[in-house]
Structure formats: structure tokens, C-alpha cells
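K.L.:
Remember, our numbering sits 393 above the position in the sequence shown when you count from 1. Quick one: this structure, given as C-alpha cells, is what I'll be asking you about.
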Amino acid sequence: MHEKKGKKQEEPKQKLTSLEELGEFGLIDRLTTPFRTKNPTTVMGVGDDAAVIDTGTGTDGACPVHTVCLVSTDLLVEGIHFDRTYTPLKHLGYKAVVVNVSDIAAMNGIPQQITVSIAVSSWFSAEALEEIYAGIRLACEKYHIDLVGGDTSSSTSGLIISVTVIGTAPKEEIVYRSGAHPGDLICVTGDLGSAYIGLLLLEREKKVFQANPGMQPELTGFDYQIGRFLKPEARTDIRSLLQGIGVRPTSMIDISDGLASEVLHLCNQSDAGCRIYEEKIPIDPHTREIAMEFKIIPSVAALSGGEDYELLFTIPQSDYEKIRDVAGISIIGHMTVPAEGKFMITPDGKEVEITAQGWKAF
Ligand code: ADP
Ligand code: MG
Numbered sequence: 394m395h396e397k398k399g400k401k402q403e404e405p406k407q408k409l410t411s412l413e414e415l416g417e418f419g420l421i422d423r424l425t426t427p428f429r430t431k432n433p434t435t436v437m438g439v440g441d442d443a444a445v446i447d448t449g450t451g452t453d454g455a456c457p458v459h460t461v462c463l464v465s466t467d468l469l470v471e472g473i474h475f476d477r478t479y480t481p482l483k484h485l486g487y488k489a490v491v492v493n494v495s496d497i498a499a500m501n502g503i504p505q506q507i508t509v510s511i512a513v514s515s516w517f518s519a520e521a522l523e524e525i526y527a528g529i530r531l532a533c534e535k536y537h538i539d540l541v542g543g544d545t546s547s548s549t550s551g552l553i554i555s556v557t558v559i560g561t562a563p564k565e566e567i568v569y570r571s572g573a574h575p576g577d578l579i580c581v582t583g584d585l586g587s588a589y590i591g592l593l594l595l596e597r598e599k600k601v602f603q604a605n606p607g608m609q610p611e612l613t614g615f616d617y618q619i620g621r622f623l624k625p626e627a628r629t630d631i632r633s634l635l636q637g638i639g640v641r642p643t644s645m646i647d648i649s650d651g652l653a654s655e656v657l658h659l660c661n662q663s664d665a666g667c668r669i670y671e672e673k674i675p676i677d678p679h680t681r682e683i684a685m686e687f688k689i690i691p692s693v694a695a696l697s698g699g700e701d702y703e704l705l706f707t708i709p710q711s712d713y714e715k716i717r718d719v720a721g722i723s724i725i726g727h728m729t730v731p732a733e734g735k736f737m738i739t740p741d742g743k744e745v746e747i748t749a750q751g752w753k754a755f
């Protein structure tokens, strides 16, 4: 067919999908589903807190043990994950390691090594980077891990830190997100929501300071909340605590995006529903008070806040007696059959459907 001169042939318009409408998890799904793992050493690929790689059978003294290697990586981007106006660089280095170590703890593994990659603007000084590395070193000492490599690049837009952590565990001790059964009890370590309240306090003082640079930030009395946000810890202690009382979680995840998002991950990957009880969600009393001052329902800070880096796990109902009186572990509900849905029960008995309102990545 001849086109008239000067008239352009119309190209079919392809509708492009915005990252916003996909969301973080939708995007990861879309990008990674075309991949099929082909190596038998890949035990677990995309979809859990860490990948699981088979390293074969070794020995522990006289006993043969089948160990696996765990790998996880996390990226911290200036302006997205941290704000340098109130994040001390040493804390930033520490947190960059902790958030990775937390993913190994969530698999019931033992962290061993990290690699650290940084991209940095040229106006950064070597001393500033040394501060970050002082924090990284502190975390390496605390969690007994070795820095074994990384990469360094310049950046045109602020600071980016990517940490990869490598861990190990006997194969049969690995706990996946997918192992929960209807009836299992849902447990959480520590308390939730304080990191988010810490972030709100820091943001509030930043605004006050911007409006009136002569004013000093008023952060005394909020050490716990601010500490939870700026210098979180990974719950590597839970592995031995649970082993000590003879409890093996059926599923586990770390709480980086908020309780709601993580409990939904356990439900979806275990093909189960859940009931969690609002009054059972552990929240620090002072955090409750501050949340109310911010006109935030405290449980919402726990459900949707994120960055607490506690562990959420399920155990068989038969282990109830073993865990009931353990300090620092709360039973907040139970798993159900999928048809019963995913609900939170309020103190007055209302059933509220759990939806993920975690950090919006885009
Ligand atoms: P977490 O919150 O535990 O760090 P994420 O939600 O970041 O986990 O990631 C979920 C899963 O998707 C993990 O298995 C992770 O390795 C994988 N993943 C995330 N981003 C990508 C990516 N860009 N390419 C491949 N896999 C990814
Ligand atoms: Mg995780």
C-alpha cells in the first residue's frame, strides 16, 4: 500500500505501565517471574528474606551436616531510605549492615560475611566515608561478621549504600515464609511501632529547624524511639533462644515494612489466612502516648510503620506452653484456613481486614 507523501504511518501505541500502579512487590514479580532457576544448588530463589544456596554436606566434628549458604542484599538510597540532615553517618553505616543481617536472622541462619558497595558524590570527604565505615565496623563486631569486599563509585545524586550479606545454616534449620499451617500461633519479638514514631519525631524537628534555624531540636526524652529508628538491631539472638526452648518456627519473616505487610507475606506464601488481635500487638507505653499526640492510632504505627526489624514467626499450637512465658515474645494471633481471610480483631470485637500499607517504594 502506498502512503501519501507527508503522512506518517501511525505506530500502534503501547500502553506503558507506571511503577506507581505496579507497586514494589508487583514490580519485583513482573521482573523476576520470567526467570526459572536451573541450577540444582539453587534451593530458594527470589521470594524470601534471603536466597538459599546448597553448598553440600560438610562435617561438624564427627557428624555429617548439610549446610546451606544464605544471601541477601539491601540498598539504602539518600532521600529515599535516609535523610542526611538527621542521620549520623556512623549510624547509617551500622543500619546498612543491620537491615541485611536481619534478613539472615529471618531465615534462622547465622550471618558470616558482608560486601559493601557505595556510590558517593565527589563533595563527600574521606573522613565522612570513614564515619560510615566506623558504623559498619561496629556492626561487624556486634554481629561477628567479616567485611570481605564491595565496590566504590562516584554518584551524581547523593549517597547510595548497598550491602550484601552471606550467612549459613544447617539445611533443615532454615525457616521459610511459606511453612505456616492453619492453627499455628503467630508470634512477634520485642515491640513494634517505635521506629516509625522515632522517624516522625525527627521529621517534626527537621521542619521546626527549617522554619527557624536558630532553634535547637527538642529530642530529649525520646531516646528509645529515635534509637529504634536510627540504630536498629537485628534479632540474631532469637535463633538460639528458640533452640534453647525446643521451638522451631514453621515460618518466619523480619518486620521491615510493618506488621501488616509482613503478616500478609506469611499468609500469601503459606496459603493461609490469619486472625491477629489488636490488643496483643506489643507497643512500648511511651510510644503509645507519643503516637496519640501525633493523632496516630498506636496499632497503626505498628501495622504500617515499619523499620522495627523484629521477627514475626509462627509456631505449632502444641508449642504454646513452651513460649507462653518467654519474655520479649508476644503471641498476637493465629493462622487460619485461607477462606477465613486475613483479619485483625479490635478490642471491641470488630473484624478489620488487614491490608498492606507499608512503605510505598515509588
Ligand atoms: P526484604 O524486605 O526481606 O528485603 P524484598 O521485599 O526487598 O525483601 O524482596 C523480596 C524478594 O524479591 C527477595 O527474595 C529479593 O531478593 C527479591 N528481589 C527484590 N528486588 C529484586 C530485583 N530487582 N531483582 C531480583 N530479585 C529481587
Ligand atoms: Mg526481610
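Here a beta-carbon is modelled for each residue, glycine too, at the ideal position from N, C-alpha and C.
Just to confirm the assignment, what range does the beta strand (DSSP E) spanning Val-458 have?
P.N.:
Per DSSP, Val-458 belongs to the beta strand (DSSP E) from 456-470.
K.L.:
With a threshold of 6 Å on Cβ separation, who are the neighbours of Asp-701 within its own chain once the five nearest residues in sequence on each side are excluded?
P.N.:
For Asp-701, where only same-chain residues beyond five positions count, the Cβ hits under 6 Å are Leu-585, Ala-588 and Ile-648.
K.L.:
Would the beta-carbon of Thr-450 fall within 9 Å of that of Pro-457?
P.N.:
Yes, Cβ-Cβ distance for Thr-450 and Pro-457 is below 9 Å.
K.L.:
Which complete beta strand (DSSP E) runs does the region 566-594 hold, if anything under 3 residues is left out?
P.N.:
With a minimum length of 3 residues, the continuous beta strand (DSSP E) runs that stay inside the region 566-594 are 578-582.
K.L.:
Does ligand 2 have even one heavy atom less than 8 Å from the beta-carbon of Ile-631?
P.N.:
Because no heavy atom of ligand 2 lies under 8 Å away, the Cβ of Ile-631 does not count as near it: no.
K.L.:
Going by alpha carbons, who is nearest to Asp-441 out of Val-568, Lys-564 and Lys-483?
P.N.:
Taking only the C-alpha atoms, the option nearest Asp-441 is Val-568.
K.L.:
Using a Cβ-based criterion (distance less than 8 Å to any ligand heavy atom), does Ile-646 qualify as near ligand 2?
P.N.:
Ile-646: yes, Cβ under 8 Å from ligand 2.
K.L.:
Report yes if the CB atom of Pro-642 is closer than 9 Å to the CB atom of Asn-501, and no otherwise.
P.N.:
Yes, they are a contact pair.
K.L.:
By how many angstroms is the C-alpha of Ala-444 removed from the C-alpha of Glu-471?
P.N.:
The straight-line gap from Cα to Cα measures roughly 26 Å.
K.L.:
Look at the alpha carbon of Ala-455 and the alpha carbon of Glu-566, and state the distance between them as a whole number of angstroms.
P.N.:
Going by the C-alpha atoms only, they are around 19 Å apart.
K.L.:
Say yes only if the C-beta of Asn-466 is nearer than 8 Å to one or more non-hydrogen atoms of ligand 1, and no if none qualify.
P.N.:
The amino acid occupying residue 466 in the given sequence is Thr; Asn does not appear at that position. Correct: Thr-466 has its Cβ closer than 8 Å to ligand 1.
K.L.:
If contact is defined by three or more beta carbon pairs under 8 Å, each pair taking one atom from either stretch, is the region 530-540 in contact with the region 501-519?
P.N.:
These segments touch.
K.L.:
With a floor of 4 residues, list each alpha helix (DSSP H) that falls wholly inside the region 507-543, ordered by position along the chain.
P.N.:
Those alpha helix (DSSP H) runs which fall completely within the region 507-543 and span 4+ residues are 519-535.
K.L.:
Can you give the Cα-Cα distance for Val-461 and Val-558, rounded to whole angstroms?
P.N.:
Computed Cα separation, rounded: 14 Å.
K.L.:
Under the criterion of a Cβ to heavy atom distance below 8 Å, does Ser-649 qualify as lining ligand 2?
P.N.:
Within the cutoff, so yes.
K.L.:
Measuring straight from C-alpha to C-alpha, what distance separates Ser-654 and Ser-571?
P.N.:
Whole-angstrom Cα-Cα distance: 15 Å.
K.L.:
Using only the alpha-carbon positions, how far apart do Gly-419 and Asp-650 sit?
P.N.:
Cα to Cα, Gly-419 sits roughly 15 Å from Asp-650.
K.L.:
Return helix, strand or coil for Phe-418, following the three-state DSSP convention.
P.N.:
Helix at Phe-418.
K.L.:
I believe Pro-610 touches Phe-622 by the beta-carbon criterion, under 8 Å. Please report the beta-carbon distance rounded to the nearest angstrom.
P.N.:
Not quite, the Cβ-Cβ distance comes to about 14 Å (not below 8 Å), so this is no contact.
K.L.:
With respect to 8 Å, is the separation between the Cβ of Ala-444 and the closest non-hydrogen atom of ligand 3 below this value?
P.N.:
In terms of ligand content, the structure shown lacks ligand 3 and carries ligand 1 and ligand 2 instead.
K.L.:
Apart from the five residues just before and just after Gly-438, which ones in its own chain have a Cβ nearer than 7 Å to its Cβ?
P.N.:
Only Thr-430 and Ala-444 meet the Cβ criterion.
K.L.:
Should Gly-698 be labelled buried (16 or more other beta-carbon atoms within 10 Å of its own) or exposed?
P.N.:
Result: buried.
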